[in-house]
Structure formats: C-alpha cells, structure tokens
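**Student:**
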Amino acid sequence: MNRFLSGRFDVDTDPQVERFTASLHFDHLLFSEDVEGSLAHVDALWEADLLNEEEASTLKKGLKELHQEVQEEIKKGEFKLNFADEDIHMHLERRLTEKVGDTGGKLHTGRSRNDQVALDLHLYLKKEIGEIDALLEDFQKTIIDLAEKNLEVIMPGYTHLQRAQPVLFSHHIMAYFWMLQRDRERLEGVKDRTDLMPLGAGALAGSGFNLNRSRVARELGFSRLYENSMDAVSDRDYLVEFLSFSSTNMMHLSRLCEELVLWCSSEFNFIELDQSHTTGSSLMPQKKNPDVAELVRGKTGRVYGTLIGVLTLLKGLPLTYNKDLQEDKEGLFDTVETVKQSLYLCKEMLKGARLNRKKMEQAVENDFSGATELADYLVRKGLPFREAHHIIGALVSYCEKKNLSLKELNQEQLLQFHHALDLDEISELLFPLSSVSAKKLRGGTAPEAVREQIKEARRCMQNKETFTADK
Ligand code: ARG
Numbered sequence: 022m023n024r025f026l027s028g029r030f031d032v033d034t035d036p037q038v039e040r041f042t043a044s045l046h047f048d049h050l051l052f053s054e055d056v057e058g059s060l061a062h063v064d065a066l067w068e069a070d071l072l073n074e075e076e077a078s079t080l081k082k083g084l085k086e087l088h089q090e091v092q093e094e095i096k097k098g099e100f101k102l103n104f105a106d107e108d109i110h111m112h113l114e115r116r117l118t119e120k121v122g123d124t125g126g127k128l129h130t131g132r133s134r135n136d137q138v139a140l141d142l143h144l145y146l147k148k149e150i151g152e153i154d155a156l157l158e159d160f161q162k163t164i165i166d167l168a169e170k171n172l173e174v175i176m177p178g179y180t181h182l183q184r185a186q187p188v189l190f191s192h193h194i195m196a197y198f199w200m201l202q203r204d205r206e207r208l209e210g211v212k213d214r215t216d217l218m219p220l221g222a223g224a225l226a227g228s229g230f231n232l233n234r235s236r237v238a239r240e241l242g243f244s245r246l247y248e249n250s251m252d253a254v255s256d257r258d259y260l261v262e263f264l265s266f267s268s269t270n271m272m273h274l275s276r277l278c279e280e281l282v283l284w285c286s287s288e289f290n291f292i293e294l295d296q297s298h299t300t301g302s303s304l305m306p307q308k309k310n311p312d313v314a315e316l317v318r319g320k321t322g323r324v325y326g327t328l329i330g331v332l333t334l335l336k337g338l339p340l341t342y343n344k345d346l347q348e349d350k351e352g353l354f355d356t357v358e359t360v361k362q363s364l365y366l367c368k369e370m371l372k373g374a375r376l377n378r379k380k381m382e383q384a385v386e387n388d389f390s391g392a393t394e395l396a397d398y399l400v401r402k403g404l405p406f407r408e409a410h411h412i413i414g415a416l417v418s419y420c421e422k423k424n425l426s427l428k429e430l431n432q433e434q435l436l437q438f439h440h441a442l443d444l445d446e447i448s449e450l451l452f453p454l455s456s457v458s459a460k461k462l463r464g465g466t467a468p469e470a471v472r473e474q475i476k477e478a479r480r481c482m483q484n485k486e487t488f489t490a491d492k
C-alpha cells in the first residue's frame, strides 16, 4: 500500500487491486509536466508563507534532481514500475520525500491529485498541440511545393470514382491543403480551451490556503484560470475536442492515403512511391506495397475509437472527480503519437512520390470527360442547359455504341445531333487543356486560378484564417 495513504487503512491493498487501479505504467509519460506543476506550486506555497525560503529551495532542488533522474531512467529503460505508488504523482512525491526528508511532506499542501492531474494534462496537451501544428504547417508547405512543381499536369477528376472532368493535379492536391488549414483552425480552438489553469481547485471545492492562482498560471504560461473548482477537476472537454480534431485530421489523411493506394496500383499507375516508403511481400517477389498509406487509413479507426471511448467514459459521470477519469490517458497518448507519426510519414511519402505525368494525361485523352464542355458550348450558342445536356448525352451514347471517342466524330455525325455543333470549334474544346483552362472562376482548376489559389493559401497560412470573400 502507498505509505502516504496508510493512515486510514488497517489492511494491505489486495495486490490485484493495486495492479488494477494503478496508472503509473502509462502516466509516467507526464513526469515532466508533473515536476513543472510542482515547481510552480512550491512558489505559490512560499508566497503564501506555507514554506520558508529554505524549504522552498530544498523542494525545488530536489524536484529538479528527480526530474533528471527519472528522465535518465526512462531513456535507459530502467524506470521501475512500483504499483504501490499507484500513479506518477505519488511516485514522484515518494521519491522526493526519500531525497529531501520531511520537507517533502509539505509539497502537497493545498493540492489534490485531482487538480494536479488536470494541470499535468493541460500542460501536456498544450505542448503536443504546438508540435502537431508545426507538423501540419510543414505538410501544407510540402503540398504547395508539389502543386507548384507540377502546376500544369492534367489528370482525370472523379466523381463516383468515374472519370468526370479533367483537372490539374495541382488543383487536386491543393484540396488537401485546405483540409489541413481547417484542421489547424480547429486545433487553434482546442488550444484556446486547453489554455486554462486548474490548480487551486484542490480535490473539488477550492483551497482554504491563500494560494496565488494567477501567479501560478503566469509562471506556467496559461492565459486563463478555471473559474469553478468543480468544473476544473471534472472537465475533459478539451480532450474530447482534441480527439475530435484528431479524428477529422486522420480522416483527411486517410482519404489522401486511399488515393495514393489507388494511384500507385497498376490499374491507375499515376504515381510511384519511393521505395523507402513501401514494403515487400514475403511470398510474391514483384510486390511493392504501400503499407504506410494503408496503415494510416487503418489507424484512423483506432483514433475514432478513442474519441467515442472518452465521450462514453464521460457521459455518466457525476461531478466531480471519479476514478473513471484515469481512463482518459492511454487513448489520448496513443492518439497523439498516431497523429504525429501519420502527419510526418504522409508528408514524407508525398515528397518522395514520383508523378507519372504521361499516364495521368493519357487517362484524360480518350474518355468522355469533355462532354460537359460540349454541353456548355451549346449553352453559349443559346440552348437551355437541360436541352444541351440531353443532346450531348445522346451523342455520348452514340459514340459508345460505335466505339468512338468524342474526338473521332466527323461533322456529318455531329449535325445529326444539332446543327450548331461545329467540328473545328469542338475539336479545339476537346483538348483537355482547353477544358481545364476554361475554369477560370475563383476556386476553379484553370492554371491561373490555381496560381491565385496558391497565393491565397500562402496568405492564409500566415494569418491562420481561411475565408476572405472580398478580395
Ligand atoms: N491517477 C489519477 C488519474 O489519472 C490521478 C488522480 C487520482 N485522484 C484520486 N483521488 N484518486 O486520474
């Protein structure tokens, strides 16, 4: 049994219970944040005359040494999981007391593990949000680079996974830029609601000691305080929001990965992934599998699972702290790692991919993706769009029956469908580049529109905002 708690109990805890209730094997990840929070708490205790100067410096020196030791132990794989300590908070306090003697017993004055663990999680998530945002930004830069390098490469655009209209590859890939931009805006909101300092809430009711919460907040880099101690120890909204951000971000990566898997198949053959991002088959010597892309797609499922898990965990909890809340951590830590690795690897995979420009362009040469162009052409000749749509639909059906492409039709055949269909004008329109170049409207796939889009993307990255309607 943990000796700090032994006053109340006559019998030892059942070892199975000790093992079952412990969180040290995963929450030791929070050791830095725990020490950081304790250092600020020591300052608050000192300012409130609950510690004298000597005691404060003894505790601080001890905490810093302890931090070094634990860091080394974890690095070397020598960190001992003593389940009697229950969690990282008790573990550090026990070791601090062993190190500095009775003064160690003063550290927990005016504090509970309930506000302590809340503080640690806030500190942890704020730091991780910063790292994830930097990864998102890097990814966006990679997308812009790729779009600029391949600005005029044409490929089929799809709806229903059927060739629909030709688009620029740069336009296609820039769609992911905007998804990531919205992800970053969402993350900014999560950061804002994580930026709240819970210490001083005690177990649930606040503290009778005169602890300067604002000073603690300032020292730890928080801009706001929880205004309600009961909310402070119960709130996990910021985790739910972070997991929701993560789920959306993984969904975006998963869609990109799905496209990469398709594009590097022999059926599409639009891109080739770098060998360093693929793996072989143990049986089939010819295989080069896009495992990274597949795993990102697969891992998206477990991130969703964690979001639903934490929401379910919270839904029946009465105020305030309940031990159930200890279950918030493993999935969170796993999600942070998964998102970070996925962002990094997807970016690297894109960077290393070679585009098979010829294959992409061939794919738009002899299909019917110019049909909308022909319908628009008839509209410009004065026909209502619905009628034009019907005429060109019949034309496509005719071509299919005769096994012809639109480009292979002669003037005589065209006239059977409408007298305004002029072969010379139409031949011009049926070049994929003409179709693409016509989509000049802001947000469209014409090269100059994509150039403008990239300019706007750069501007948004600097200002962290997506939408300016009047520009
Ligand atoms: N290990 C606990 C957690 O992760 C810390 C808080 C425990 N508080 C308590 N009163 N048992 O949530």
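Residue numbers for the sequence shown follow the working numbering, so the first one is 22 and each next one is one higher. Beta carbons: idealized from backbone N, C-alpha and C, even for Gly. Since this is a predicted model, take the numbers as computed values, not measurements.
So, using beta-carbon positions, are lysine 148 and aspartate 216 closer together than 8 Å?
**Tutor:** No, the pair does not count as a contact, with Cβ atoms beyond the cut-off.
**Student:** Below 8 Å, can you find three or more Cβ-Cβ pairs linking the stretch 273-283 to the stretch 302-321?
**Tutor:** Because the criterion of three Cβ pairs below 8 Å is met, the stretch 273-283 and the stretch 302-321 touch.
**Student:** DSSP state of methionine 218, grouped into three classes?
**Tutor:** Reduced to three states, the DSSP call for methionine 218 is strand.
**Student:** What does the alpha-carbon distance come out to for the pair proline 453 and tyrosine 145?
**Tutor:** When rounded, the distance between both Cα atoms is 51 Å.
**Student:** Return yes when at least one heavy atom of the ligand ARG lies under 7 Å from the C-beta of valine 138, else no.
**Tutor:** Checking the Cβ of valine 138 against the ligand ARG gives yes.
**Student:** Taking buried to mean at least 16 other C-beta atoms within 10 Å of its own C-beta, is proline 405 buried or exposed?
**Tutor:** So proline 405 ends up on the exposed side.
**Student:** I need the straight-line Cα distance from asparagine 431 to alanine 415, nearest angstrom please.
**Tutor:** Looking at the two C-alpha atoms, the distance is approximately 16 Å.
**Student:** From Glu93, Ala155 and Tyr179, pick the residue whose C-alpha is nearest to that of leucine 201; which is it?
**Tutor:** The option with the nearest alpha carbon to leucine 201 is Ala155.
**Student:** Can you tell which of Met381, Lys422, Gly391 and Val417 has the C-alpha that lies nearest to the C-alpha of serine 455?
**Tutor:** Residue Gly391 is the option with its Cα nearest to serine 455.
**Student:** Sorry if obvious, but does the Cβ on aspartate 355 come closer than 7 Å to a heavy atom of the ligand ARG?
**Tutor:** Aspartate 355 Cβ: outside cutoff for every heavy atom of the ligand ARG.
**Student:** Check the DSSP bridge columns for valine 188 and list the partner residues they point to.
**Tutor:** Note: valine 188 sits in a beta bridge opposite Met176.
**Student:** Between the stretch 97-105 and the stretch 264-274, do at least 3 Cβ pairs fall closer than 8 Å?
**Tutor:** At 8 Å Cβ cutoff, the stretches do not touch.
**Student:** Is the stretch 157-170 touching the stretch 66-80 in the sense that three or more CB pairs, one from each, lie closer than 8 Å?
**Tutor:** Because the criterion of three Cβ pairs below 8 Å is not met, the stretch 66-80 and the stretch 157-170 do not touch.
**Student:** If contacts are defined as beta-carbon pairs under 8 Å, then leucine 220 and arginine 234 qualify, I think. What distance do you get, rounded to the angstrom?
**Tutor:** With a Cβ gap of about 7 Å, leucine 220 and arginine 234 count as contacting.
**Student:** Using beta-carbon positions only, say whether leucine 260 and leucine 140 come within less than 8 Å of one another.
**Tutor:** No, these two residues do not count as a Cβ contact at 8 Å.
**Student:** Sorry if obvious, but does the Cβ on tyrosine 145 come closer than 7 Å to a heavy atom of the ligand ARG?
**Tutor:** No; taking the cut-off as 7 Å, the Cβ of tyrosine 145 has no heavy atom of the ligand ARG nearer than that.
**Student:** Look at histidine 110 and asparagine 103 and say whether their C-beta atoms are less than 8 Å apart.
**Tutor:** Their beta carbons are not under 8 Å apart, which means histidine 110 does not touch asparagine 103 by this criterion.
**Student:** What are the start and end residues of each continuous alpha helix (DSSP H) run of 4 or more residues lying completely inside the stretch 38-91, in chain order?
**Tutor:** Here the runs fully enclosed are 45-48 and 52-68.
**Student:** Pull up the distance between the alpha-carbon of phenylalanine 47 and that of aspartate 252, whole angstroms please.
**Tutor:** So the two alpha carbons sit approximately 25 Å from each other.
**Student:** When the Cα of methionine 271 is compared with those of Tyr197, His298 and Ser297, which residue comes out closest?
**Tutor:** Of the listed residues, the one whose Cα sits closest to methionine 271 is Tyr197.
**Student:** By alpha-carbon positions, which one of Lys344, His143, Gly131 and Gly210 ends up nearest to glutamine 246?
**Tutor:** Note that residue 246 is leucine in the sequence shown, not glutamine. Per the Cα distances, His143.
**Student:** List the endpoints of the continuous alpha helix (DSSP H) containing cysteine 420.
**Tutor:** Note, cysteine 420: alpha helix (DSSP H), 406-423.
**Student:** Can you find a heavy atom of the ligand ARG that lies under 7 Å from the Cβ of aspartate 48?
**Tutor:** True, at least one ligand heavy atom lies under 7 Å from that Cβ.
**Student:** Is the distance from the Cβ of leucine 157 to the Cβ of leucine 364 below 8 Å?
**Tutor:** Taking 8 Å as the Cβ cut-off, leucine 157 and leucine 364 qualify as a contacting pair.
**Student:** The ligand ARG and serine 44: does any heavy atom of the ligand fall closer than 7 Å to the residue's C-beta?
**Tutor:** Yes, the beta carbon of serine 44 sits closer than 7 Å to at least one heavy atom of the ligand ARG.
**Student:** Would you kindly work out how many angstroms separate the C-alpha atoms of glutamate 86 and isoleucine 475, rounded to a whole number?
**Tutor:** One C-alpha to the other measures close to 50 Å.
**Student:** Please state whether DSSP places glutamine 434 in a helix, a strand or coil.
**Tutor:** Three-state result, glutamine 434: helix.
**Student:** With distances taken Cα to Cα, identify the nearest neighbour of proline 177 among Asp136, Asn387, Glu74 and Val324.
**Tutor:** Residue Asn387 is the option with its Cα nearest to proline 177.
**Student:** If you follow the alpha helix (DSSP H) that arginine 480 is in, where does it begin and where does it stop?
**Tutor:** First-last of the alpha helix (DSSP H) with arginine 480: 468-484.
**Student:** If you run the structure through DSSP and keep just helix, strand and coil, what is arginine 239?
**Tutor:** The answer is helix: DSSP assigns arginine 239 an H, G or I state.
**Student:** Taking all protein chains shown into account, decide if isoleucine 329 is buried (16 or more other Cβ within 10 angstroms of its Cβ) or exposed.
**Tutor:** Isoleucine 329 is exposed by the Cβ-count criterion.
**Student:** Which value, in whole angstroms, describes the spacing of the CA atoms of proline 187 and valine 457?
**Tutor:** Between proline 187 and valine 457, the C-alpha separation is close to 6 Å.
**Student:** Apart from the five residues just before and just after aspartate 35, which ones in its own chain have a Cβ nearer than 6 Å to its Cβ?
**Tutor:** Cβ neighbours of aspartate 35 beyond the five flanking positions: none.
**Student:** Report, in whole angstroms, the separation of the C-beta atoms of lysine 428 and leucine 395, which I expect to be a contact under 8 Å.
**Tutor:** Wrong, their Cβ atoms sit about 11 Å apart, outside the cutoff.
**Student:** Kindly indicate the opening and closing residues of the alpha helix (DSSP H) around cysteine 278.
**Tutor:** Residues 258-284.
**Student:** Within the present structure, is the beta-carbon of tyrosine 342 separated from the nearest heavy atom of the ligand ARG by less than 7 Å?
**Tutor:** At least one heavy atom of the ligand ARG is nearer than 7 Å to the Cβ of tyrosine 342, so yes.
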